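A.B. asks:
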Amino acid sequence: MFLKNYVLSSNIHFYYPFISLLLFFSVYRKDNANEKFYFPVTLTISSFTFILTLIMEQSQLAVGILHFLIVFLFLKEFIIRFSFKSELDIFLLIVIFYEFTTILKYLNVAFGFTNATAYFIITSIFQISFGLFFSIVRGDRARVVIQR
């Protein structure tokens, strides 16, 4: 009962960093990582997110850093496929652009470099179009890969 009341009454800034952390863990798979680095990396990133969110109350910074790490993982996979397998994976390219729009939204919230309402509408249109693309196309299909 206490946990339910705490979760329902807590600040929304508590949830998004931990949802982004779960997203990072879903992208950072154990089979693609070196076995001896997997546990220390996940423990470090989890601790870092916990410290930034709960102790320092910097949830926007934690989310931004996690999304940068997610973009790094997708870029690494994209570059490996392009370099070694001579494949241009359109699916990964779209995912990278989607993550960049998410990062740009957070940069706009943090620094306020443009009109927030208009920028939010424009980036939301792009993200909806990316969502439509993801609902139609799966990443493991050969038709989203262009051979070089």
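Read in order, the letters of the sequence shown are residues -18 to 129 in the numbering used here.
For glycine and all other residues, C-beta sits at the position ideal for the given N, C-alpha and C.
As the structure is a computational prediction, the values presented were derived from the model and not from experiment.
1. Between the region 73 to 92 and the region 106 to 120, do at least 3 Cβ pairs fall closer than 8 Å?
2. Out of L113, I127, L4, L74, which one is the CA nearest neighbour of S67?
3. Checking the sheet assignment: what are the DSSP bridge partners for L69?
4. So for Y9, helix, strand or coil by DSSP?
5. Quick one: using the 10 Å Cβ neighbour count with 16 as the cut-off for buried, is G45 buried or exposed?
6. Could you give the DSSP three-state label for R62: helix, strand or coil?
C.D. replies: The answer reads as follows:
1. They touch, by the three-pair rule.
2. As a working mapping, residue 67 is identified with position 86 in the sequence shown. Here the closest residue by C-alpha is I127.
3. As a working mapping, residue 69 is identified with position 88 in the sequence shown. BP columns for L69 point to I127.
4. Residue mapping note: residue 9 aligns to position 28 of the sequence shown, counting from 1. In this structure, Y9 counts as coil in the three-state DSSP scheme.
5. The residue you call residue 45 lines up with position 64 of the sequence shown. Its Cβ being crowded by 16 or more others within 10 Å, G45 is buried.
6. On the sequence shown, position 81 is the one that residue 62 refers to. If DSSP states are grouped into helix, strand and coil, R62 belongs with the helices.
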